[in-house]
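Protein chains in written order, with the working numbering: chain A, -8 to 182; chain B, 21 to 242.
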Amino acid sequence: MESSIELKPKEFALTGTGQPTADSASLVVLYETHGGRMKSIAMNLLGNTTDAEDAVQEAFLRIHRAAAGFRGGSAVSTWAYRILINVCYDAMRRGRRRPESPLPEETALPRSADADTPLRLAIEQSLTKLERRERTAFLLCEVEGLSHREAAEILDVNPNTSRTLLFRAKRKLQKELSASGALAAAPAEGR
Amino acid sequence: MTERRASCRDLEKALVGADPELSAAFEAHAAGCAACGRELAEWRRLEAVAPSLRRSWESPDLLPRIRQAIAEESQRAPERTAPSARWRWVPAASLAALFAIAAAGLWVFRDSGNRDPLSEHWRTTKAPVLTDEAIAEVDAAEQNYLASIEKLSKLAEPALAGATSPVLVNYREKLEILDSAIAELKASIDQNRGNTHLRRELLAVYQEKQRTLQNLMKEVKS
C-alpha cells in the first residue's frame, strides 16, 4: 500500500545532463513506488485497464521529457500525479470517456463480493456524473487517501479549494445515493 | 470556557471539516437529532466505502513498455533537437526579414523623398501628401501586389494548413505578422488616404509578403 506520496526531488536522480536516461533508476523507483496508485487513478477516471495503462505510459513519457525542467517546487510524486491526471483529461477530451454506466463486464476487475459491493457499484456509477475536478478530488482524497495539501498541489489549486471540491463531490454523491436508496442499505453492524 | 454548541443549520459547515471544533459539536448535536444523525451516518458510510474503489491489478508488461517507449523516444530525440543543416538558416533568415521590414518602415518615415526604396514610380513629390494622380498610381501598384499575393496565397494554403515542420511553421508565423501589419496600416490609411509614408510602408509590407510567399513556394517545391 502506498500510504505516502513523499518522494523528494533529490530521490529523482538525474544524469549529468539533467535528463534521465531510459534506464534511469529514478523512473523505475517512481514506477515501483507510485505506479500502482497511478494505475488506480487512471482506471477510475478512464474506466478500463487498457486506457489506464496507456495513460500511465504516456504520463511516464511526459515525465521523462519534462524531467530536465523540474525544479522541485513540489514532491516528484505530486508532480507525476498531476501529469497523469492531465494525460487522463486529454484522453477524456479525445472521446475515450468513462462509460456512463458501471464498468463493462470484460473490463471490470474481479473483486470479492461483500456487503459493500452494491454501494461501491452505485458510487462508481454516480462518480461519472460529477464535474471533472470534483471527481478527481474525491478519487485523490477519499479513494487514494491523499491529504488536501497533496490533492491541492496535484489539482493546482489551494487547499481550501480542494476541500470545497471534495465537499461538493461527497455531498452530490450522498444526495444521489441516498435518493436511490443505496446508502440506506447500510449493513446492520455499522462502522 | 463554554462548550461549543451546534445545530441543524451547521450541517454543511460541519461536513466540510475545516473546523474540527464545529465538527465535534455537530456530532454531539447529531446524537440527539434524528435527521442530522441520518445525514452524518450516510456521510460516514460513503467515506468508509470509498477506499474500496481503489483498483489493483498486475501489469507485468507495463514497466518494460514504458522503458521501451522512453528508449525509443530518446533515440528519436537527437533528430528532433538537432535540425538538419538545410533548415538551420530559417530562424536567422526570419529575423533578418523582420529586421528588413522594420528598417524599411523606419526609412520611409524619414524625410527622404528622393530615396524611395521601392520604385521610381512612387517618387512623386517631397510633399508628404499624394496628388490624385499619384494616389491612382499607388492604388494600381497595390492592386498588382494584391493579385500576385492572392494567387500565391492560394498555392501556399495547402502547405501552410497542415504545417508541422519548423520551416513551414516559421513561414506561417511570419505571414501572420505581415498580415497583422497590413491590417494596421490599412486601418490608418482609411483615415488618411493621401499619406505618402503610410502608403509606401504598406507597399513595402506587400512586397515583403509577396517575396515570402515566393520563397515559401520554392521551399515547398524543393
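We put the beta carbon where it would ideally sit given N, CA and C, even for glycine.
Since the model is a prediction, treat every value here as computed from it, not as a measurement.
{"Query": "Answer with buried or exposed for arginine 231 of chain B, where buried requires no fewer than 16 other C-beta atoms within 10 angstroms of its C-beta.", "Result": "exposed"}
{"Query": "Using 8 Å as the threshold, is the C-beta distance between serine 43 of chain B and alanine 34 of chain B below it?", "Result": "yes"}
{"Query": "According to DSSP, is asparagine 215 of chain B helix, strand or coil?", "Result": "strand"}
{"Query": "Along the alpha helix (DSSP H) that carries glycine 172 of chain A, what are the first and last residues, could you check?", "Result": "Neither: glycine 172 of chain A is in no alpha helix (DSSP H) and is coded neither H nor E."}
{"Query": "When you compare the CB of proline 71 of chain B with every CB in chain A, is at least one pair closer than 8 Å?", "Result": "yes"}
{"Query": "Return the residue from the list A:Trp70, A:Met34, A:Glu44 and A:Ala43 that minimises the CA-CA distance to histidine 55 of chain A.", "Result": "A:Trp70"}
{"Query": "Determine the closest residue to alanine 154 of chain B out of B:Glu59, B:His217 and B:Pro71, with distance taken between C-alpha atoms.", "Result": "B:His217"}
{"Query": "Starting from isoleucine 114 of chain A, find everything on chain B with Cβ-Cβ shorter than 8 Å and list it in chain order.", "Result": "Leu66, Val69, Ala70 and Leu73"}
{"Query": "Should asparagine 35 of chain A go down as buried or exposed, given a rule of 16 or more other Cβ atoms within 10 Å for buried?", "Result": "buried"}
{"Query": "Check this for me: beta carbons of arginine 24 of chain B and alanine 45 of chain B, under 8 Å apart or not?", "Result": "yes"}
{"Query": "Applying the 10 Å Cβ sphere with the 16-neighbour rule, what's the burial state of arginine 123 of chain A?", "Result": "exposed"}
{"Query": "Are the CB atoms of alanine 167 of chain B and leucine 223 of chain B nearer to each other than 8 Å?", "Result": "no"}
{"Query": "Determine the direct distance from the alpha carbon of valine 240 of chain B to that of glutamine 163 of chain B, and round the result to whole angstroms.", "Result": "26 Å"}
{"Query": "Please compile the residues from chain B whose C-beta is within a distance smaller than 8 Å of the C-beta of leucine 168 of chain A.", "Result": "Glu62 and Leu66"}
{"Query": "Residues of chain A with CB closer than 9 Å to the CB of glutamate 93 of chain B, please, in chain order.", "Result": "Ala13, Leu52, His55 and Arg56"}
{"Query": "Should alanine 46 of chain A and alanine 33 of chain A be called a contact, given that it needs their Cβ atoms to be closer than 8 Å?", "Result": "yes"}
{"Query": "Of all Cβ atoms in chain B, is any one closer than 8 Å to the Cβ of tyrosine 22 of chain A?", "Result": "yes"}
{"Query": "Smallest Cα separation from glutamine 163 of chain A: which of A:Gln48, A:Ala113 and A:Tyr72?", "Result": "It is lysine, not glutamine, that sits at residue 163 of chain A in the sequence shown. Nearest C-alpha to lysine 163 of chain A: A:Ala113."}
{"Query": "What residues in the region 134 to 154 of chain A have a beta carbon less than 7 Å from any beta carbon of chain B?", "Result": "Val134, Glu135, Gly136 and Arg154"}
{"Query": "Just to make sure I have the definition right: I need the residues of chain B whose C-beta is within less than 8 Å of the C-beta of serine 31 of chain A. Which are they?", "Result": "Arg74, Arg75 and Ser76"}
{"Query": "Spatial neighbours of glutamate 125 of chain A within its chain, please: CB distance less than 8 Å, with the 5 preceding and 5 following residues excluded, ordered by chain position.", "Result": "Leu156, Leu157, Arg159, Ala160 and Lys163"}
{"Query": "How big is the Cα-Cα spacing for alanine 68 of chain B and proline 178 of chain B?", "Result": "58 Å"}
{"Query": "Report the rounded CA-to-CA distance for glutamate 221 of chain B versus asparagine 235 of chain B, giving the unit in angstroms.", "Result": "21 Å"}
{"Query": "Whole angstroms are fine: how far does the CA of alanine 142 of chain A sit from the CA of glutamate 32 of chain B?", "Result": "21 Å"}
{"Query": "Got a sec: which bits of the region 25 to 51 of chain B sit with their beta carbon under 8 Å from any beta carbon on chain A, in order along the chain?", "Result": "Glu32, Leu35, Val36, Gly37 and Ala38"}
{"Query": "Could you list which residues in chain A have their beta carbon closer than 7 Å to that of arginine 96 of chain B, in chain order?", "Result": "Going along chain A, no residue has its Cβ under 7 Å from arginine 96 of chain B, so there is no contact; the nearest lies around 11 Å."}
{"Query": "If you reduce the DSSP assignment to three classes, tell me which class lysine 194 of chain B lands in.", "Result": "helix"}
{"Query": "Along chain B, which residues have their Cβ under 7 Å away from the Cβ of phenylalanine 158 of chain A?", "Result": "Leu35 and Val36"}
{"Query": "When burial is assigned at 16 or more other CB atoms within 10 Å of the CB, is glutamine 48 of chain A buried or exposed?", "Result": "buried"}
{"Query": "With a CB to CB cut of under 6 Å and the five nearest residues on each side skipped, what residues in its chain are close to valine 78 of chain A?", "Result": "Ala46, Glu49 and Ala50"}
{"Query": "Just the Cα atoms here: how many angstroms apart are alanine 255 of chain B and alanine 70 of chain B?", "Result": "Summary: the structure shown does not reach residue 255 of chain B, with chain B confined to residues 21 through 242, and so no result is reported for it."}
{"Query": "Would you tell me roughly how many angstroms separate the C-alpha atoms of isoleucine 90 of chain B and alanine 26 of chain B, rounded to the nearest one?", "Result": "56 Å"}
{"Query": "Quick one: what's got a C-beta closer than 7 Å to isoleucine 169 of chain B's C-beta in the same chain, skipping five residues either side?", "Result": "Tyr226, Lys229, Gln230 and Leu233"}
{"Query": "For a test of the three-state rule: what should DSSP assign to valine 47 of chain A, helix, strand or coil?", "Result": "helix"}
{"Query": "With distances taken Cα to Cα, identify the nearest neighbour of leucine 18 of chain A among A:Arg53, A:Arg140, A:Gly38 and A:Asp81.", "Result": "A:Arg53"}
{"Query": "Rounded to whole angstroms, what is the Cα-Cα separation between methionine 83 of chain A and glycine 52 of chain B?", "Result": "46 Å"}
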